[in-house]
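A.B. asks: Quick note, the sequences are listed as chains A and B, same order. Quick note: the first sequence uses the working numbering, first residue 1, plus one each step. Quick note: the second sequence uses the working numbering, first residue 1, plus one each step.
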Amino acid sequence: MDWNLLLTQFMNGLQLGLLLFLLASGLTLIFGIMDFINLSHGSFYMLGAYFCGSVVARGGSFLTGILVALVGAFIIGAIVEWVIARRLYREDHLDHVLVTFGLILIFDTLVHIIWGPAGMAIPLPDFLNGQITLGTLVLPIYRLVIILGGLLVAGILSIMVTRSRLGMLIRAGASNRTMVEALGVNIHRLFLVVFAIGAAMSAFAGMLIAPITEASIGMGNEIIIIAFVVVIVGGIGSIKGAFYAAIIIGLMDTLGRSYLDDLLKVFMSVHHAETAAPALSSMLVYILMAVVLAFRPQGLFPPAGAR
Amino acid sequence: MLELAGVETFYGSIQALFGMTLRAEEGKVTTLIGRNGMGKTTTVGSILGIVPCRSGQITFLGDRIDGKPAYQVAQHGIGLVPEGRQVFPNLSVRENLMATATNFAGLDDPWTLDRMLDFFPALKERLGNMGSQLSGGEQQMLSIGRALMLNPLLLILDEATEGLAPLIRREIWKRLDLLKQSGLTILLIDKNIEELNRIADHHHIIEKGRVVWSGSPAELQANPGLKMQYLGI
Chain A
1 MDWNLLLTQF MNGLQLGLLL FLLASGLTLI FGIMDFINLS HGSFYMLGAY
51 FCGSVVARGG SFLTGILVAL VGAFIIGAIV EWVIARRLYR EDHLDHVLVT
101 FGLILIFDTL VHIIWGPAGM AIPLPDFLNG QITLGTLVLP IYRLVIILGG
151 LLVAGILSIM VTRSRLGMLI RAGASNRTMV EALGVNIHRL FLVVFAIGAA
201 MSAFAGMLIA PITEASIGMG NEIIIIAFVV VIVGGIGSIK GAFYAAIIIG
251 LMDTLGRSYL DDLLKVFMSV HHAETAAPAL SSMLVYILMA VVLAFRPQGL
301 FPPAGAR
Chain B
1 MLELAGVETF YGSIQALFGM TLRAEEGKVT TLIGRNGMGK TTTVGSILGI
51 VPCRSGQITF LGDRIDGKPA YQVAQHGIGL VPEGRQVFPN LSVRENLMAT
101 ATNFAGLDDP WTLDRMLDFF PALKERLGNM GSQLSGGEQQ MLSIGRALML
151 NPLLLILDEA TEGLAPLIRR EIWKRLDLLK QSGLTILLID KNIEELNRIA
201 DHHHIIEKGR VVWSGSPAEL QANPGLKMQY LGI
């Protein structure tokens, strides 16, 4: 067995997991507290990449790009909540899906108009572009940056949710929204802040991955589906659940794609294994979701006391 | 201090309050009594704006509060201890007390966490426990404490002692006596007429969504027919 390859794939899985967490943590709060299904959450992922890319293309530094993208996504997230989402909380989930699908089309088209149909490559600054060699192991620095950045944000978020007053109100709102309001808290303002923070985290994920994949129209639309799987598997409204589910699913998806055929070859013919593995590996995360829904419909780590 | 005039409230197309008219005087304990399903909790919901009334007027310290969202009503200085206690199960006792703590009314000598723990010493040992891990009595103390931490001018208790063991009830009544002595205005709902008679200044009997009788505890005592007819005791 090639241990270098395994470790590389493991790092790739971890990286995907952390990106998924950045998306899913916002999604799970918005879903869990506001009971709002936001398909367009992936659009902020795309916007983050384009904002950052534009700054870099105009000669700004990558770090400036990150800052601009975070602030930009926060503001656009706040506007979307203020103008659109707020009117829909009381409506049916189907309405959420229809409206936010419409938002995806609008954002995709706006990006097309502003930045053109081609993708946008984002060159990395030199200090992030190198590789680290550990013995026989070669690791790209930027992969480590993504992993550390993801862990850092996960840590900050976890402290915010467990320690700060905003976090207390978010958790209280997830369990009993009416009571939070009856105790004098403007729940609309709370929702606005949660929505905007979620948008900024989604954008952060998008700009982290963009130097590897480049920014492109619709880049958020594939990952948002898996992010929803993460939310369901982790337990709706649970940051902790989103974290563990994202890591599990990131690893499962990446390792499944590279090793499932070897695994299948153990108990079926090479020909069959090579046919079945690609089909099966792309289904793996959905199979996991189906199993979780069948045996633990509240998710792996449902928020305590959620009803 | 608080005044309801001709309040009508509906759940969808079903009317629950039929011209509810009552008042709570500053510094007094006012009660709502009556059988289940007669509109006591709906009245509380209408005051807070949780179940907005369709017509009628609600004023608090001279300000119209009907039609305002719940958070704004609370910010006028109304603290709610809701039916079923409704502590936040996924927050610790400390967090339950602190998450919404404030001083909207700008009281000079506001409640603090320390003062609250002296007032309800039972909560001191439970500070790190989750709301869901508390006994019913502890939850009720926490719910009252949480409302007091808003430093309200009016405290509304919907079912102050329902479902609690006798010893705990006595404890809660003692605390309510202290709150009354401190001059806090209280709107109280409970089924224990004896205790209510002791603490209350004014009763309202509620029947089918309106006040059918109001008067002092002495007047209620002097009129056993009322209790029989409206309270079933």
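In this text, a Cβ means the ideal position worked out from N, Cα and C, and glycines have one as well. The model shown is predicted, which means the values in this text are computed figures rather than measured ones.
Looking at chain B, is there any beta carbon in it that lies within less than 7 Å of the beta carbon of glutamate 181 of chain A?
C.D. replies: Taking the first sequence and counting its residues from 1, one reaches residue 181 of chain A at position 181. Chain B, which has a Cβ nearer than 7 Å to the Cβ of glutamate 181 of chain A, makes this yes.
A.B. asks: Quick one: what does DSSP say aspartate 108 of chain A is sitting in, helix, strand or coil?
C.D. replies: Translated into the one-based positions of the first sequence, residue 108 of chain A becomes position 108. Helix at aspartate 108 of chain A.
A.B. asks: Would tyrosine 71 of chain B pass as an interface residue toward chain A - the criterion being a Cβ-Cβ separation below 7 Å?
C.D. replies: Position 71 of the second sequence holds residue 71 of chain B. So, interface residue.
A.B. asks: When you measure from the CB of threonine 8 of chain A to every non-hydrogen atom of the ligand MG, does any distance come out below 6 Å?
C.D. replies: This structure lacks the ligand MG, and indeed carries no ligand of any kind.
A.B. asks: Could you tell me which chain A residues have their CB closer than 8 Å to the CB of aspartate 100 of chain B, listed as they occur along the chain?
C.D. replies: Taking the first residue of the second sequence as 1, we reach residue 100 of chain B at position 100. It should be noted that the sequence gives threonine, not aspartate, for residue 100 of chain B. What threonine 100 of chain B touches in chain A: Leu169, Ala172, Val180, Leu183, Gly184 and Val185.
A.B. asks: What span of residues does the alpha helix (DSSP H) with methionine 219 of chain A cover, start to end?
C.D. replies: Counting from 1 along the first sequence, the entry for residue 219 of chain A is found at position 219. Its alpha helix (DSSP H) spans residues 219-234.
A.B. asks: Can you say whether leucine 7 of chain A is buried or exposed, counting buried as having 16 or more other CB atoms within 10 angstroms of its CB?
C.D. replies: Counting from 1 along the first sequence, the entry for residue 7 of chain A is found at position 7. By the 10 Å Cβ count, leucine 7 of chain A comes out exposed.
A.B. asks: Residues in its own chain within less than 7 Å of glycine 173 of chain A by CB, not counting five upstream and five downstream?
C.D. replies: In the first sequence, residue 173 of chain A corresponds to position 173, counting from 1. Same-chain partners within the cutoff: Ile33, Val180, Ile187 and Leu190.
A.B. asks: Thinking C-alpha only, which one of A/Ala203, A/Ile232, A/Gly150 and A/Asp2 is nearest valine 285 of chain A?
C.D. replies: Here the question's residue 285 of chain A lines up with position 285 in the first sequence. Of the listed residues, the one whose Cα sits closest to valine 285 of chain A is A/Ile232.
A.B. asks: Cutting at 8 Å between CB atoms, please list the residues of its own chain near isoleucine 226 of chain A, excluding the five before and the five after it.
C.D. replies: Here the question's residue 226 of chain A lines up with position 226 in the first sequence. The answer, listed in chain order, is Leu20, Ile249, Asp253 and Val285.
A.B. asks: For the putative contact between threonine 43 of chain B and leucine 17 of chain B, defined by C-beta atoms under 8 Å, what is the C-beta separation to the nearest angstrom?
C.D. replies: Counting from one through the second sequence, the residue named residue 43 of chain B turns up at place 43. Counting from one through the second sequence, the residue named residue 17 of chain B turns up at place 17. That belief holds up - the Cβ atoms of threonine 43 of chain B and leucine 17 of chain B are roughly 6 Å apart, short of 8 Å.
A.B. asks: Are isoleucine 122 of chain A and glycine 53 of chain A closer than 7 Å when you measure CB to CB?
C.D. replies: For the purposes of this step, residue 122 of chain A is taken as residue 122 along the first sequence, with counting starting at 1. For the purposes of this step, residue 53 of chain A is taken as residue 53 along the first sequence, with counting starting at 1. Taking 7 Å as the Cβ cut-off, isoleucine 122 of chain A and glycine 53 of chain A qualify as a contacting pair.
A.B. asks: How far does the beta strand (DSSP E) with histidine 271 of chain A in it reach, from first residue to last?
C.D. replies: Numbered from 1 along the first sequence, position 271 holds the residue referred to as residue 271 of chain A. Per DSSP, histidine 271 of chain A belongs to no beta strand (DSSP E); it is in the alpha helix (DSSP H), 270-295.
A.B. asks: According to DSSP, simplified to helix, strand and coil, what is valine 211 of chain B?
C.D. replies: Residue mapping note: residue 211 of chain B aligns to position 211 of the second sequence, counting from 1. Strand at valine 211 of chain B.
A.B. asks: If the cut is a Cβ gap below 8 Å, which residues of chain B does asparagine 38 of chain A touch?
C.D. replies: The residue you call residue 38 of chain A lines up with position 38 of the first sequence. The premise fails here: asparagine 38 of chain A is roughly 23 Å from chain B at the closest Cβ pair, so nothing lies under 8 Å.
A.B. asks: What are the partner residues of glutamate 3 of chain B, as DSSP defines its beta bridges?
C.D. replies: Your numbering for residue 3 of chain B matches position 3 in the second sequence. DSSP output for glutamate 3 of chain B lists B/Arg23 and B/Thr59 as bridge partner(s).
A.B. asks: Hey, would you say glycine 145 of chain B sits closer than 7 Å to leucine 164 of chain B, going by beta carbons?
C.D. replies: Locating residue 145 of chain B in the second sequence gives position 145, counting from the first residue. Locating residue 164 of chain B in the second sequence gives position 164, counting from the first residue. Contact flag unset, no.
A.B. asks: Helix or strand or just coil, what does DSSP make of alanine 160 of chain B?
C.D. replies: Locating residue 160 of chain B in the second sequence gives position 160, where the first residue counts as 1. Three-state result, alanine 160 of chain B: coil.
A.B. asks: Which same chain residues, not among the five before or five after leucine 237 of chain B, have their C-beta less than 8 Å away from its C-beta?
C.D. replies: No answer is possible for residue 237 of chain B: the residues shown for chain B start at 1 and end at 233.
A.B. asks: Step through the CB atoms of chain A and report whether any lies within less than 7 Å of the CB of phenylalanine 88 of chain B.
C.D. replies: For the purposes of this step, residue 88 of chain B is taken as residue 88 along the second sequence, with counting starting at 1. So, interface residue.
A.B. asks: How long is the line joining the alpha carbons of aspartate 370 of chain A and leucine 16 of chain A, rounded to whole angstroms?
C.D. replies: Any property of residue 370 of chain A remains undetermined from this structure, which presents chain A solely from 1 to 307.
A.B. asks: Is there a Cβ from chain A that is less than 7 Å from the Cβ of glutamine 75 of chain B?
C.D. replies: By 1-based counting over the second sequence, the position of residue 75 of chain B is 75. Yes, glutamine 75 of chain B lies at the interface with chain A (some Cβ there is under 7 Å from its Cβ).
A.B. asks: Of all the CB atoms in chain B, is at least one closer than 7 Å to the CB of proline 278 of chain A?
C.D. replies: Position 278 of the first sequence holds residue 278 of chain A. Answer no: the Cβ-Cβ gap between proline 278 of chain A and chain B never drops below 7 Å.
A.B. asks: Taking all protein chains shown into account, decide if histidine 203 of chain B is buried (16 or more other Cβ within 10 angstroms of its Cβ) or exposed.
C.D. replies: On the second sequence, position 203 is the one that residue 203 of chain B refers to. The residue in question, histidine 203 of chain B, is buried, as its Cβ has 16 or more Cβ neighbours within 10 Å.
A.B. asks: Buried or exposed for threonine 100 of chain A, please, with buried defined as at least 16 other CB atoms from any protein chain shown within 10 angstroms of its CB.
C.D. replies: As a working mapping, residue 100 of chain A is identified with position 100 in the first sequence. Per the 10 Å Cβ criterion, buried.
A.B. asks: Could you round the C-beta distance between glycine 234 of chain A and phenylalanine 301 of chain A to whole angstroms and report it? I think they count as a contact, below 8 Å.
C.D. replies: Position 234 of the first sequence, counted from the start, is the residue given in the question as residue 234 of chain A. Position 301 of the first sequence, counted from the start, is the residue given in the question as residue 301 of chain A. That pair is a contact at about 6 Å.
A.B. asks: With a cut-off of 7 Å, does the C-beta of leucine 80 of chain B fall near any C-beta of chain A?
C.D. replies: Position 80 of the second sequence, counting from 1, holds the residue named residue 80 of chain B. Yes, leucine 80 of chain B counts as interfacial toward chain A.
A.B. asks: With a threshold of 8 Å on Cβ separation, who are the neighbours of serine 214 of chain B within its own chain once the five nearest residues in sequence on each side are excluded?
C.D. replies: The sequence position of residue 214 of chain B within the second sequence is 214, counting from 1. These residues qualify, in order along the chain: Leu22, His202, His203, His204 and Ile205.
A.B. asks: Verify the CB distance criterion: does leucine 155 of chain B have a CB-CB separation below 7 Å to chain A?
C.D. replies: In the second sequence, residue 155 of chain B corresponds to position 155, counting from 1. Chain A, which has no Cβ nearer than 7 Å to the Cβ of leucine 155 of chain B, makes this no.
A.B. asks: Give me the Cα-Cα distance between lysine 240 of chain A and isoleucine 65 of chain B, rounded to the nearest whole angstrom.
C.D. replies: For the purposes of this step, residue 240 of chain A is identified with residue 240 of the first sequence, where counting begins at 1. For the purposes of this step, residue 65 of chain B is identified with residue 65 of the second sequence, where counting begins at 1. Cα to Cα, lysine 240 of chain A sits roughly 40 Å from isoleucine 65 of chain B.
A.B. asks: Give, in chain order, every residue of the stretch 207-224 of chain A whose Cβ lies closer than 9 Å to some Cβ of chain B.
C.D. replies: For the stretch 207-224 of chain A, which is checked against every Cβ of chain B, not one residue is closer than 9 Å.
A.B. asks: Residues of chain B with CB under 8 Å from arginine 165 of chain A, in chain order?
C.D. replies: Locating residue 165 of chain A in the first sequence gives position 165, counting from the first residue. Result: Met98 and Ala99.
A.B. asks: Considering only C-alpha positions, which residue in the set A/Ser216, A/Arg177 and A/Ile66 is nearest to leucine 124 of chain A?
C.D. replies: Here residue 124 of chain A refers to the residue found at position 124 of the first sequence. Of the listed residues, the one whose Cα sits closest to leucine 124 of chain A is A/Ile66.
A.B. asks: Spatial neighbours of isoleucine 84 of chain A within its chain, please: C-beta separation below 8 Å, excluding the five flanking residues on both sides.
C.D. replies: By 1-based counting over the first sequence, the position of residue 84 of chain A is 84. Val99 and Leu103, listed in sequence order.
A.B. asks: Threonine 64 of chain A to glycine 72 of chain A, Cα distance in whole Å?
C.D. replies: Your numbering for residue 64 of chain A matches position 64 in the first sequence. Your numbering for residue 72 of chain A matches position 72 in the first sequence. Rounded to whole angstroms, threonine 64 of chain A to glycine 72 of chain A spans 12 Å at the Cα level.
A.B. asks: Are valine 80 of chain A and isoleucine 217 of chain A close, meaning C-beta to C-beta below 7 Å?
C.D. replies: Counting from 1 along the first sequence, the entry for residue 80 of chain A is found at position 80. Counting from 1 along the first sequence, the entry for residue 217 of chain A is found at position 217. Contact flag unset, no.
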